[in-house]
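The next block holds one structure in the form of structure tokens; read it before the comments.
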Amino acid sequence: MITCSIQIFIIVLLSFGIACAQGEKLVTKPSIQEPVTMDTTSTNSIQDQLSMIYDHALYVGIDAFAPIRGWFARKNTGYQVVSSFRVYKKIHLAVEIGQSTIVYDRLDWKATMQGLYYKVGFNWSLYEHSTDPDQMYYLGLRYTFSPYQQEVKAYPVRSFGVVYTGGGLPKIHLIAQWLEPVIGARVALFNTPIYLDASLNLFFLITSTKQGGMDPLAIPGFGEDLDKKNLEFKWAIVYKIPIVNKRR
Amino acid sequence: MNGTSFYKCLLRCLSLILVMMNSSCEETDVCDQMVSPRLNIVFKDVRGDALVLDTLYVYRDGNRSPEVMMHKSDSLHIALNADKNETRFEFRRKEDAPLGEILITAKNRERQYISIACGFKQFYKDVTYDQYQYKLGEIERVIGLQSEIVDESSPHLEIRWQD
Numbered sequence: 290m291i292t293c294s295i296q297i298f299i300i301v302l303l304s305f306g307i308a309c310a311q312g313e314k315l316v317t318k319p320s321i322q323e324p325v326t327m328d329t330t331s332t333n334s335i336q337d338q339l340s341m342i343y344d345h346a347l348y349v350g351i352d353a354f355a356p357i358r359g360w361f362a363r364k365n366t367g368y369q370v371v372s373s374f375r376v377y378k379k380i381h382l383a384v385e386i387g388q389s390t391i392v393y394d395r396l397d398w399k400a401t402m403q404g405l406y407y408k409v410g411f412n413w414s415l416y417e418h419s420t421d422p423d424q425m426y427y428l429g430l431r432y433t434f435s436p437y438q439q440e441v442k443a444y445p446v447r448s449f450g451v452v453y454t455g456g457g458l459p460k461i462h463l464i465a466q467w468l469e470p471v472i473g474a475r476v477a478l479f480n481t482p483i484y485l486d487a488s489l490n491l492f493f494l495i496t497s498t499k500q501g502g503m504d505p506l507a508i509p510g511f512g513e514d515l516d517k518k519n520l521e522f523k524w525a526i527v528y529k530i531p532i533v534n535k536r537r
Numbered sequence: 015m016n017g018t019s020f021y022k023c024l025l026r027c028l029s030l031i032l033v034m035m036n037s038s039c040e041e042t043d044v045c046d047q048m049v050s051p052r053l054n055i056v057f058k059d060v061r062g063d064a065l066v067l068d069t070l071y072v073y074r075d076g077n078r079s080p081e082v083m084m085h086k087s088d089s090l091h092i093a094l095n096a097d098k099n100e101t102r103f104e105f106r107r108k109e110d111a112p113l114g115e116i117l118i119t120a121k122n123r124e125r126q127y128i129s130i131a132c133g134f135k136q137f138y139k140d141v142t143y144d145q146y147q148y149k150l151g152e153i154e155r156v157i158g159l160q161s162e163i164v165d166e167s168s169p170h171l172e173i174r175w176q177d
């Protein structure tokens with residue numbers, strides 16, 4: 290599943306590259322050093338294009354991959370709302386909120402984890418499309434905080450060659466925090482204010498409270514604990530809401 | 015940024031992904047630690063010297079098929095029940111000749127978390143050993159050496175056999 294996600298992600302990233310490169314060939318870059326002999330219409334056009342570089346807009350959307358993943362897996366369901374806002378030339382503030390329910394049924398454990406997770410961080414654009422800087426490749430970082438509820442319904446007690454199932458443990462509230470380096474791309478869909486934002490998020494668990502010294506089996510938003518590291522492929526559909534139009 | 019630098023940027027991104035991937039995805043599904051300790055039984059003769067038994071069959075809780083078929087050994091490690099306090103072992107030198115039973119009762123059982131892959135291991139405390147002999151003259155005596163079974167490093171039970 291993880292390998293498949295990475296392959297899809299790389300294909301999407303390459304597709305973005307081809308789309309952006311083709312877009313660049315079609316649009317002639319505006320040059321501010323050209324003599325001022327143009328008519329008013331063309332001057333306005335150049336100014337409009339330049340002003341786009343400093344457009345401030347709020348991008349709000351949902352992770353479209355989360356319900357698809359839940360539909361297929363049926364053991365990790367939830368949703369995620371994403372938003373970002375350009376605070377400086379190449380810096381975008383990102384805030385994301387999600388909910389997840391994980392049914393853990395592996396290695397003779399039976400447990401359910403349910404809760405919200407809150408992410409805050411930034412994206413730094415590595416490359417922006419010359420006429421539409423909202424289309425970009427970016428690197429980012431997120432800090433995530435997840436208060437969640439865990440209920441262990443059965444746990445394994447291992448003896449030699451035999452596994453006994455222990456009874457359940459009481460339902461408990463736990464907290465986890467992790468950091469997410471992000472690499473992604475955002476591209477406009479059909480010249481509309483709707484964008485496809487694909488990213489690969491790597492999770493590094495910082496701390497997590499424990500029930501009776503037990504490592505977390507799974508954490509909402511983080512997934513099943515894989516040696517305190519995990520990764521996620523996110524495919525968000527975002528809508529651009531212009532807020533400030535700051536001209537040069 | 016022109017097309018060449020764009021693709022350079024893209025290549026850098028992909029390289030970064032590969033580096034980050036390399037440090038992720040280490041699944042921890044294999045239990046490689048000690049699980050619940052087994053009962054460590056040593057065999058001795060009436061004088062207390064180590065005794066190597068040619069053959070020994072051990073049956074658990076009245077099962078018809080033997081749990082252990084031991085050949086030429088002076089000790090035995092065997093797991094106790096983890097889901098109940100009592101474990102009953104029946105001993106036979108020949109398959110069709112029951113000699114006696116030993117009932118091991120742990121009044122207290124404690125569980126300790128090991129890892130996600132291993133789950134919990136169980137310790138047995140306040141352990142008693144009761145002997146029920148069918149055929150006199152084979153098992154001479156049963157001596158409980160420890161009342162706690164928390165590891166396998168030293169024997170918990172000694173069985174003395176008639177010569």
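Residue numbers (the working numbering), protein chains in the order written: chain A, 290 to 537; chain B, 15 to 177. Just so it is clear, CB atoms sit at the ideal spot from N, CA and C, and this is done for glycine as well.
{"Asked": "Burial state of K499(A), where buried means 16 or more other Cβ atoms lie within 10 Å", "Found": "exposed"}
{"Asked": "Cβ pair Y427(A), G387(A) closer than 8 Å", "Found": "no"}
{"Asked": "Straight-line Cα distance separating E109(B) from K135(B)", "Found": "32 Å"}
{"Asked": "Proximal residues to E323(A) (C-beta, below 8 Å), its chain only, five neighbours per side dropped", "Found": "Summary for E323(A): the model assigns pLDDT 43, below 50, so the residue's position carries little reliability, and this model does not support an answer."}
{"Asked": "Limits of the beta strand (DSSP E) - the one that T481(A) falls within", "Found": "No beta strand (DSSP E) holds T481(A); DSSP gives it neither H nor E."}
{"Asked": "Sequence-distant residues of the same chain with beta carbon closer than 6 Å to D75(B), five excluded per side", "Found": "R102"}
{"Asked": "Close-in-space but distant-in-sequence residues of the same chain around E166(B) (CB under 7 Å, 5 per side omitted)", "Found": "P51, R52, N54, H91"}
{"Asked": "8 Å Cβ cut-off: residues of chain A touching F134(B)", "Found": "Y444, P445, V446, R447, G455"}
{"Asked": "Inter-residue Cα distance where the pair is I391(A) and D88(B)", "Found": "50 Å"}
{"Asked": "Cβ of M402(A) within 8 Å of any chain B Cβ", "Found": "no"}
{"Asked": "Beta-bridge partners of P470(A), as assigned by DSSP", "Found": "L430(A)"}
{"Asked": "Closer than 8 Å to chain B by CB, K502(A)", "Found": "In the sequence as displayed, the identity of residue 502(A) is Gly instead of Lys. True, the Cβ-Cβ gap to chain B drops below 8 Å."}
{"Asked": "Proximity to L2(B) [Cα-Cα], best of D46(B), I173(B), K98(B)", "Found": "The shown model of chain B, from 15 to 177, leaves out residue 2(B), and the question about it has no answer."}
{"Asked": "8 Å Cβ cutoff, D421(A) in contact with chain B", "Found": "no"}
{"Asked": "Segment contact flag, the stretch 393–401 of chain A with the stretch 367–376 of chain A, C-beta cutoff 8 Å, min 3 pairs", "Found": "no"}
{"Asked": "Close beta carbons around R358(A), own chain, < 8 Å, minus the five adjacent residues each side", "Found": "N365"}
{"Asked": "D352(A), buried or exposed, once every other Cβ within 10 Å from all chains shown has been counted against 16", "Found": "buried"}
{"Asked": "Residue burial classification, Y146(B) (beta-carbon count within 10 angstroms, cutoff 16)", "Found": "exposed"}
{"Asked": "Cβ neighbour criterion (16 or more within 10 Å) applied to T69(B)", "Found": "exposed"}
{"Asked": "Buried versus exposed call for E124(B) [16 or more other C-beta atoms within 10 Å across all chains shown]", "Found": "exposed"}
{"Asked": "Interface positions of the stretch 106–130 of chain B facing chain A (Cβ-Cβ less than 9 Å), listed along the chain", "Found": "R125, Q126, Y127, I128, S129, I130"}
{"Asked": "Spatial distance of Q160(B) from T119(B) (CA atoms)", "Found": "12 Å"}
{"Asked": "Beta bridge counterpart(s) of F411(A) as assigned by DSSP", "Found": "L382(A), L430(A)"}
{"Asked": "P169(B), DSSP secondary structure in three states", "Found": "coil"}
{"Asked": "Test: D352(A) CB closer than 8 Å to a CB of chain B", "Found": "no"}
{"Asked": "Reference Q47(B), options N99(B), E81(B), R107(B), Q126(B), closest by Cα", "Found": "Q126(B)"}
{"Asked": "Chain-ordered chain A contacts of R52(B) [CB-CB under 8 Å]", "Found": "S448, F449"}
{"Asked": "Cβ neighbour criterion (16 or more within 10 Å) applied to Y377(A)", "Found": "exposed"}
{"Asked": "Close-in-space but distant-in-sequence residues of the same chain around M83(B) (CB under 7 Å, 5 per side omitted)", "Found": "Y71"}
{"Asked": "7 Å Cβ cut-off: residues of chain A touching V49(B)", "Found": "R447, S448, F449"}
{"Asked": "Residue burial classification, R6(B) (beta-carbon count within 10 angstroms, cutoff 16)", "Found": "Outside the shown range of chain B, which is 15 to 177, sits residue 6(B), and nothing can be said about it."}
{"Asked": "Beta strand (DSSP E) segments (min. 3 residues) lying fully within the stretch 80–121 of chain B", "Found": "82–87, 89–92, 100–108"}
{"Asked": "Nearest candidate by alpha-carbon position, reference F492(A), set K518(A), W360(A), R375(A)", "Found": "K518(A)"}
{"Asked": "Distance, G501(A) Cα to G450(A) Cα", "Found": "25 Å"}
{"Asked": "Extent of the continuous beta strand (DSSP E) to which L67(B) belongs", "Found": "67–74"}
{"Asked": "Given G158(B) as reference, the closest of F57(B), V49(B), C45(B) once Cα atoms are compared", "Found": "F57(B)"}
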